[in-house]
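First comes the structure, then the notes that go with it.
2 protein chains.
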Amino acid sequence: MAKTQKSGDVYDPSCSARDALELIASKWAMLILPALADGPMRSGALLRRIGGVSQKMLTQTLRELEKNGLVIRQDMQTVPPHVEYRLSPLGASLSDVLVALDRWAELHFPELDAARERFLRRRS
Amino acid sequence: MAKTQKSGDVYDPSCSARDALELIASKWAMLILPALADGPMRSGALLRRIGGVSQKMLTQTLRELEKNGLVIRQDMQTVPPHVEYRLSPLGASLSDVLVALDRWAELHFPELDAARERFLRRRS
DNA sequence: CCGAATCCCGATCGATACTG
DNA sequence: CAGTATCGATCGGGATTCGG
Chain A
159 MAKTQKSGDV YDPSCSARDA LELIASKWAM LILPALADGP MRSGALLRRI
209 GGVSQKMLTQ TLRELEKNGL VIRQDMQTVP PHVEYRLSPL GASLSDVLVA
259 LDRWAELHFP ELDAARERFL RRRS
Chain B
159 MAKTQKSGDV YDPSCSARDA LELIASKWAM LILPALADGP MRSGALLRRI
209 GGVSQKMLTQ TLRELEKNGL VIRQDMQTVP PHVEYRLSPL GASLSDVLVA
259 LDRWAELHFP ELDAARERFL RRRS
């Protein structure tokens with residue numbers, strides 16, 4: 159195996175907990191997983207729900223999440239294509255934490271904005 | 159102003175809550191902020207604490223966090239240089255959420271590993 | 001018609017060496 | 001000890017094309 163798994167330590171780059179963190183540390187994953195918390199969605203619906211995401215990045219991120227067992231992909235094998243994505247139990251547990259992060263951003267972004275402006279003013 | 163601030167909605171790419179999320183969605187920010195939760199640290203100590211980070215990325219990320227009011231930089235103006243970083247109250251509140259994320263990764267990475275292996279096996 | 005794969009470019013990252 | 005500069009490698013993301 160590639161990594162020594164001692165105990166889970168995200169500060170150890172050789173621990174695969176770090177891989178897990180890097181998977182999560184993606185702005186799209188942080189939006190996709192919470193979006194799926196309310197129930198299964200088609201790829202087109204996700205594309206509309208998540209503003210600013212491209213089809214490519216959506217598919218790419220979903221594949222990565224599927225690969226790691228966080229998202230389950232269900233292809234209805236119909237014409238026209240109908241593909242649904244839903245959270246696995248593992249994905250749902252992660253989604254809970256990510257929802258908290260999203261809510262933090264939605265609550266505190268004005269303070270970040272203000273700090274940025276203060277910072278710029280200070281250097282002018 | 160660049161973005162219409164309606165209400166905080168991370169799903170709206172024109173809301174600066176999205177900017178906040180993108181700032182957070184960095185593997186280094188996710189390690190730096192929790193690392194500072196235990197108290198102020200010097201830059202060298204952070205470099206040692208956070209495995210795999212380069213001096214460049216550490217400085218760069220710290221600057222970004224400082225710019226957004228999450229981290230406070232204190233230069234002791236001595237020779238040799240002594241610079242300390244510590245969380246602002248805002249940064250501390252974010253750190254709490256990030257700690258939860260880190261702990262999720264440390265708890266569940268074996269399940270991700272297993273899922274990846276299952277995925278590979280399925281396609282072989 | 002919907003979802004995925006390919007090509008291509010700019011932005012970003014990381015290693016190393018250097019400055020104050 | 002803290003930060004910067006440079007450069008090659010890598011990644012993100014859009015436009016386009018493919019396939020069912």
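One line per chain: the protein sequences are A and B, in this order.
With positions in the first sequence counted from 1, the corresponding number in our numbering is that position plus 158.
With positions in the second sequence counted from 1, the corresponding number in our numbering is that position plus 158.
Yeah, the Cβ is synthetic: ideal placement off N, Cα and C, and Gly gets one too.
Per-residue contacts from residue 190 of chain A into chain B (C-beta, under 9 Å): Residue numbering aside, residue 190 of chain A sits at position 32 when the first sequence is read from its first letter. Around residue 190 of chain A, no beta-carbon contact reaches into chain B at under 9 Å, the shortest distance being about 11 Å.
Per-residue DSSP class, three states only, for residue 235 of chain B: Position 77 of the second sequence, counted from the start, is the residue given in the question as residue 235 of chain B. Coil, per DSSP.
Residue 208 of chain B (DSSP reduced to helix, strand or coil): In the second sequence, residue 208 of chain B corresponds to position 50, counting from 1. Note: residue 208 of chain B maps to coil in three-state DSSP.
Interface residues of chain B facing residue 250 of chain A [CB-CB closer than 8 Å]: Translated into the one-based positions of the first sequence, residue 250 of chain A becomes position 92. Residues of chain B passing the Cβ test: none, with the nearest at roughly 12 Å.
Interface positions of the stretch 202-217 of chain B facing chain A (Cβ-Cβ less than 7 Å), listed along the chain: 207, 208, 209 and 210
Buried/exposed call for residue 239 of chain B, threshold 16 Cβ in 10 Å: The residue given as residue 239 of chain B occupies position 81 in the second sequence. That one is exposed.
Touch test, the stretch 200-213 of chain A against the stretch 182-190 of chain A, Cβ-Cβ under 8 Å, three pairs minimum: yes
Cβ of residue 166 of chain B within 8 Å of any chain A Cβ: The sequence position of residue 166 of chain B within the second sequence is 8, counting from 1. Residue 166 of chain B counts as touching chain A.
Any chain B beta carbon closer than 8 Å to residue 245 of chain A: One-based indexing of the first sequence puts residue 245 of chain A at position 87. Closer than 8 Å: no.
Spatial neighbours of residue 178 of chain A in its chain, beta-carbon cut-off 7 Å, leaving aside the 5 residues before and after: Counting from one through the first sequence, the residue named residue 178 of chain A turns up at place 20. Counting only Cβ-Cβ distances below 7 Å, and skipping sequence neighbours, we find nothing.
Alpha-carbon spacing of residue 308 of chain A relative to residue 229 of chain A, whole angstroms: With chain A represented from 159 up to 282, any question about residue 308 of chain A goes unanswered, as that position is not in the structure.
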